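Structure (structure tokens):
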């Protein structure tokens, strides 16, 4: 997710500190092993887990807390706590389990999904949720007048309707294998029509009313948000009484606040990784997990100089992100050799497609009409870690024919520039909305998704589009993978991105915090109602 659920910022921890007859739940995607290091188990009765305030931080103020407009990971982190959909990911997993739908059936042709809605689920305003609310919520996102940036997530949907108060039906234009997983994404969450109409779209984004485990009590922009427990939550009251979410732009500041005992969990800045993981006070409270993500340098394919594929290939040969993986990230990432991350269906292990070769870079520039080299501007996320990465890139570009200017921007400005196409090159990343290659290749690199829909580099290749469109229609997973891998091969050969790395997610928590889930979908997909605090710590709070 970023502006994109998923375009995430260049640092995954920004959204932590900033930071689916009756169908059985879908089998989980095979996942890379998670390697949490945990302290001794604390024996506490279920009753004693309730109470206390969790203090966390985010790197920037959320945008609109409305599922129809949630596109970045910071906003998504909060939206997950306030709303629910038909299905959800099992905590720490890619397995789809029921949420507000008790069960569902899929027609033999794979085009009609029929959901049985739970009875007795209430919105935060006290009204019961019905199938009619899902019909309204889906149609609202699909309506062009709403101008939801997530309307493209509904492109397979032909019709939605409430069959009765507790039966909701979705008809697809064509079979779409990952659709049930897609429904776990936030743009499919349910909202109450009367509140949206009373407040308007903008007002609802400021004062959201959902069904989730927490209720928004207070929002002081650029300062903090306060969420309180939903006493009527359908899955049971959360353990926590309250969550205080502070806006702390600097990761180093957030870590300092954590070490001073003022935050209960946080991400770990790259520069502090070794100190935190080797320091006896914190090393037992670090959790890590591979996540389904990709980070890259995007090259605008419709503007000079990167409109010429030879220039894109030249830059690919000039840079070696593997040096950053080995010397700075040090085990917190693996080198990306394509779009799809390890653990994703259809992932293909490949050699590095563009091993560093300064002479080849200069030759390609000469062939492209730049015998004396060229200068370009890289827009990157504003952070100390990204500054380290940029310094490596600047050093590597010496003697390659490239000169690079660097401009650092806050996340909102960066994504706005990318959406408008006002960039030559930029650094961004993407974390899965749902665990399917369509969510990466189709969203990020199909020509129909130029700009805010995901394809920020404005890449276009008719054969790639054809393969991706064909893969969406294919229900046989082996055949789908063949199509996706062919498309990915072409994409790699045309170098619209510098493929940098796949990050391994991590966080550190205080000894009194328990029940944290961190899995392949990333921390932004996790609800916090499973977290609980030691009773002894809660007493100290008082």
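Numbering (our numbering), first residue to last: 97 to 638. Ideal Cβ placement from N, Cα and C applies to all residues, glycine included. All figures in this text were calculated on a predicted structure; none of them were measured in a lab.
Rounded separation between residue i and residue j - CA only
i           : j           : result
residue 521 : residue 513 : 11 Å
residue 325 : residue 219 : 13 Å
residue 155 : residue 204 : 46 Å
residue 370 : residue 428 : 11 Å
residue 611 : residue 173 : 17 Å
residue 505 : residue 525 : 15 Å
residue 177 : residue 510 : 26 Å
residue 142 : residue 488 : 50 Å
residue 385 : residue 260 : 42 Å
residue 573 : residue 534 : 12 Å
residue 299 : residue 292 : 8 Å
residue 238 : residue 182 : 17 Å
residue 591 : residue 408 : 6 Å
residue 623 : residue 438 : 24 Å
residue 500 : residue 490 : 7 Å
residue 619 : residue 557 : 34 Å
residue 390 : residue 379 : 27 Å
residue 127 : residue 567 : Only weak support is given to the placement of residue 127: the predicted model assigns it a pLDDT of 38, under 50, and the value that follows is read from those uncertain coordinates. Spanning the two alpha carbons is a distance of roughly 22 Å.
residue 254 : residue 441 : 26 Å
residue 109 : residue 628 : Residue confidence for residue 109 is low, a pLDDT of 39 falling below 50, so the modelled location carries little weight and cannot support an answer.
residue 161 : residue 368 : 32 Å
residue 148 : residue 606 : 14 Å
residue 609 : residue 266 : 40 Å
residue 244 : residue 297 : 10 Å
residue 547 : residue 250 : 17 Å
Nearest candidate by alpha-carbon position, reference residue i, set the options
i           : options            : result
residue 527 : 150, 147, 392      : 392
residue 330 : 308, 499, 449      : 308
residue 201 : 445, 338, 211, 193 : 211
residue 503 : 529, 515, 473, 616 : 473
residue 345 : 158, 613, 551      : 158
residue 563 : 542, 390, 442      : 542
residue 216 : 332, 171, 272, 322 : 332
residue 616 : 185, 577, 433, 243 : 185
residue 231 : 256, 589, 213, 275 : 256
residue 394 : 383, 328, 387, 411 : 411
residue 319 : 614, 305, 340, 327 : 340
residue 602 : 565, 425, 515, 517 : 425
residue 498 : 529, 516, 466      : 466
residue 604 : 631, 353, 270      : 353
Environment of residue i [buried if 16+ CB atoms lie within 10 Å]
i           : result
residue 492 : buried
residue 229 : buried
residue 636 : exposed
residue 100 : At residue 100, the pLDDT of 37 sits below 50, so the modelled position is not reliable; the number obtained from the coordinates is stated separately. Under this definition residue 100 is a buried residue.
residue 396 : buried
residue 278 : buried
residue 145 : buried
residue 223 : exposed
residue 358 : exposed
residue 252 : buried
residue 349 : exposed
residue 112 : A caution first: residue 112 carries a pLDDT of 40, below 50, which makes its placement in the model unreliable, though a value can still be read off. It counts as buried.
residue 495 : exposed
Delimiting residues of the beta strand (DSSP E) encompassing residue i
i           : result
residue 389 : 389–395
residue 177 : Run containing residue 177: none in the beta strand (DSSP E); it sits in the alpha helix (DSSP H), 169–178.
residue 525 : 521–527
residue 255 : 253–260
residue 217 : No beta strand (DSSP E) contains residue 217, which DSSP labels as neither H nor E.
residue 586 : From DSSP, residue 586 is part of no beta strand (DSSP E) but of the alpha helix (DSSP H) over 573–590.
residue 318 : Premise fails: residue 318 is in no beta strand (DSSP E) and is neither H nor E.
residue 265 : 263–268
residue 153 : 149–154
residue 383 : 382–386
residue 338 : 338–343
Counterpart residues of residue i in DSSP-defined beta bridges
i           : result
residue 183 : 194
residue 476 : 504
residue 541 : Paired residues: none, contrary to the question.
residue 310 : 325
residue 285 : DSSP output for residue 285 lists no bridge partner at all.
residue 498 : 470
residue 604 : 362, 382
residue 57  : In the structure as shown, the chain begins at 97 and stops at 638. Residue 57 is therefore absent and cannot be evaluated.
residue 610 : 628
Run of the alpha helix (DSSP H) containing residue i, from where it starts to where it stops
i           : result
residue 511 : 507–516
residue 229 : 227–238
residue 626 : First-last for residue 626: undefined, no H or E at that position.
residue 352 : 347–355
residue 398 : No alpha helix (DSSP H) contains residue 398, which DSSP labels as neither H nor E.
residue 277 : 275–278
is_contact[residue i, chain D] using C-beta, thresh 9 Å
i           : result
residue 394 : The displayed structure is made up of one protein chain only, and chain D is not part of it.
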